[in-house]
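Notes to accompany the following structure.
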Amino acid sequence: MVMVERVEAIYQDVVKRNPGEVEFHQAVKEVLDCLGPVLVKYPDFTEAKIIERICEPERQTIFRVPWQDDRGQVQINRGFRVQFNSALGPYKGGLRFHPSVYLGIIKFLGFEQIFKNSLTGLPIGGAKGGSDFDPKGKSDNEVMRFCQSFMTELWRIIGEHTDIPAGDIGVGGREIGYLFGQYKRLTNKFEAGVLTGKGLVYGGSQVRTEATGYGCTYFVEEMLKGKKNGFKGKKVVVSGSGNVAIYTLEKVHQLGGKVIAMSDSNGVIVDEKGCNIETIRQLKEVERRRIKDYCDYHRHAKFIHGGNIWDVPCDVAMPSATQNEITGKDAKKLVKNGCIAVGEGANMPTTPDGVQVFLSGGVLFGPGKAANAGGVATSALEMQQNAGREAWGFEETDAKLHQIMRNVYQLCSEAADEFGSPGNFVVGANIAGFIKVARAMSAHGLV
Ligand code: GLU
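Numbering of the sequence shown is given in my numbering, commencing with residue 1 and proceeding in unit increments.
This is the structure we're talking about:
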């Protein structure tokens, strides 16, 4: 009880010191709420103020990003890189380009990344960055000029042994290419390991594009297996239609499930025959169009303008769009409609009351920091290949990803058992992720 009060006091202090950063507060609260029993077992973590230190980023950089649009107008955006924790390895985490980005979003993502990266078992610290730049509706040339300007600031603080950015919402292969080109030009170095998510022709890894979606599906498969169940014949709803959603769709179909609904910010498509991956890829990855156009190619499918995807009854829900997309009300609806498992492909897509509804409703719940760790894990595999000047094949890399996701599941499951919450992978992920970072921080002394 005393421990719980101590953790609560730390949380209140975080809220006070980081006013208005509600997503960051939410991410911190979820982790801290799980740590009471850990402090009882490891009193030295309390003594060394590990939790207080972990909640304070090691370094935060905010910078101006000026660029010129196609009409010759000057535009100004804000750039961020929060280097949160380097106890386990160089800072590692993606860049998000989206108009909603502000410091609180980057800090929530950077904080999550510490524990997620720890769970992968690979030597990577936690970071996140990005900008309030909106790539939607911009030409390739505008995106290029923005990326070049962004890197003209960022290059000073990154490096293959220091900080390795990658993609997130709004940052994919195209953006990473422009960022890499500018970094190479500024440093006069072909330092492949400075960015991950690169194209295959210049040092990228097989499976990196697919990794988050595949990994999340592997994680859900492990949860289902634990209940002597599997994807075969399951109806699955996958929100979003970006990189994570598309490759979740592919892997679910390979494992015998059927994805019957997907979405974008305009609405939801429902295809009871199973969403067609080629159409979605062509529309979203190649032509950057809206998902409603799916119905032009598949007449039986329906588009619900402004619809709520969680109204579609399913066995498995895989939120793969953005934070807080499943509310408590949505979670109740999903449980009522018979949903038995949730795998978070996005970062923190379920609100805290939504998580409670799933846990108390007996739904298998894979929290993002475990279930979506496959993306960053494969980034670390890309770094390994770059360091060894190697290029592994697709099957080999996918097998490594699969094994990593089995390990992540195992870690979460064992920690949940050990700390008295069997089957609660939120508790398991937070505790297992935390203990490893805390041990490394203790070993490094007061830094
Ligand atoms: N943005 C992804 C994540 O949330 C990947 C980060 C990376 O590959 O570094 O984990």
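Every residue, glycine too, gets a C-beta built ideally from N, C-alpha and C. These numbers were taken from a predicted model, which means no experiment stands behind them.
Query: What does the Cβ neighbour count give for Val426, buried or exposed, with the cut at 16 atoms within 10 Å?; Result: buried
Query: So does the stretch 103-123 actually touch the stretch 407-425, counting three or more Cβ pairs closer than 8 Å?; Result: yes
Query: State the start and end residues of the unbroken beta strand (DSSP E) segment that holds Thr61.; Result: Arg59 to Gln68
Query: Considering only heavy atoms of ligand 1, does any lie closer than 7 Å to the CB of Ala371?; Result: no
Query: Does any heavy atom of ligand 1 sit closer than 7 Å to the C-beta of Val437?; Result: no
Query: Under the criterion of a Cβ to heavy atom distance below 7 Å, does Gly93 qualify as lining ligand 1?; Result: yes
Query: How should Asp398 be labelled, buried or exposed, when 16 other C-beta atoms within 10 angstroms of its C-beta is the threshold for buried?; Result: buried
Query: By the 10 Å Cβ neighbour count, where 16 or more other Cβ atoms means buried, how is Tyr183 classified, buried or exposed?; Result: buried
Query: In whole angstroms, what is the alpha-carbon distance linking Leu283 and Asn266?; Result: 14 Å
Query: Using CA coordinates, which residue listed in Gly203, Thr162, Gly170 and Asp163 is at the minimum distance from Leu181?; Result: At residue 181 the sequence reads Gly, which differs from the Leu that was named. Answer by Cα proximity: Gly203.
Query: So Ala443 is in the alpha helix (DSSP H); what residue range does that whole segment cover?; Result: Phe425 to Ala443
Query: Report all residues from its chain with a CB closer than 6 Å to the CB of Ile304; omit the five preceding and five following residues, and keep chain order.; Result: Gly267 and Val268
Query: Quick check: what's the CA-CA separation for Arg81 versus Cys147?; Result: 14 Å
Query: Which residues share a DSSP beta bridge with Ser86?; Result: The partner list for Ser86 (beta bridge, DSSP) is empty, contrary to what the question assumes.
Query: Following the continuous alpha helix (DSSP H) through Met151, name the residue where it begins and the one where it ends.; Result: Asp140 to Leu154
Query: Return the CA-CA distance between Thr351 and Val4, expressed in angstroms with no decimal places.; Result: 22 Å
Query: Please report how far the alpha carbon of Thr152 lies from the alpha carbon of Ser131, in whole angstroms.; Result: 14 Å
Query: Between Ile157, Cys34 and Ile176, which has its C-alpha nearest Ile62's C-alpha?; Result: Ile157
Query: What three-state label does DSSP hand Asp33 in the structure shown?; Result: coil
Query: Got a sec? Which residues, its chain only, sit under 6 Å from Gly375 by beta carbon, not counting five neighbours each side?; Result: Ala211 and Thr212
Query: Which of the three DSSP states is assigned to Arg6 in this structure?; Result: helix
Query: Could you tell me the alpha carbon to alpha carbon distance between Leu39 and Phe434, rounded to whole angstroms?; Result: 11 Å
Query: How long is the line joining the alpha carbons of Pro319 and Met262, rounded to whole angstroms?; Result: 10 Å
Query: Anyone know if the C-beta pair for Asp315 and Cys295 falls short of 8 Å?; Result: no
Query: What distance in whole Å lies between the Cβ atoms of Gly172 and Asn243, which are believed to be in contact at a cut-off of 8 Å?; Result: 6 Å
Query: Going by other Cβ atoms of all chains shown within 10 Å of its Cβ, with 16 needed for buried, is Leu200 buried or exposed?; Result: exposed
Query: According to the neighbour-count rule (16 or more other Cβ atoms, all chains shown, within 10 Å of its Cβ), is Ala443 buried or exposed?; Result: exposed
Query: Look up Ile269 in the DSSP assignment and give the residues it is bridged to.; Result: Met262 and Phe303
Query: What span of residues does the beta strand (DSSP E) with Asp503 cover, start to end?; Result: Since the first residue shown for the chain is 1 and the last is 447, residue 503 is missing from the structure and cannot be characterised.
Query: If you run the structure through DSSP and keep just helix, strand and coil, what is Ser241?; Result: coil
Query: Looking at Asn347 and ligand 3, is the gap between the Cβ and the nearest heavy atom below 7 Å?; Result: This structure does not include ligand 3; its bound ligands are ligand 1.
Query: Beta-carbon within less than 6 Å of Asp353's beta-carbon, same chain only, minus the 5 sequence neighbours each way: which residues are those?; Result: Gly328
Query: Note down the Cα distance separating Arg389 from Pro123, rounded to an integer number of angstroms.; Result: 18 Å
Query: Throw me the rounded Cβ distance for the Gly215 and Leu35 pair, which I believe falls under 8 Å.; Result: That pair is no contact at about 25 Å.
Query: Suppose the cutoff is 6 Å on Cβ atoms and the five residues either side in sequence are ignored; what does the same chain contact list for Ala192 look like?; Result: Gly203 and Asn386
Query: Give the straight-line distance between the Cα atoms of Leu249 and Pro90, rounded to the nearest whole angstrom.; Result: 32 Å
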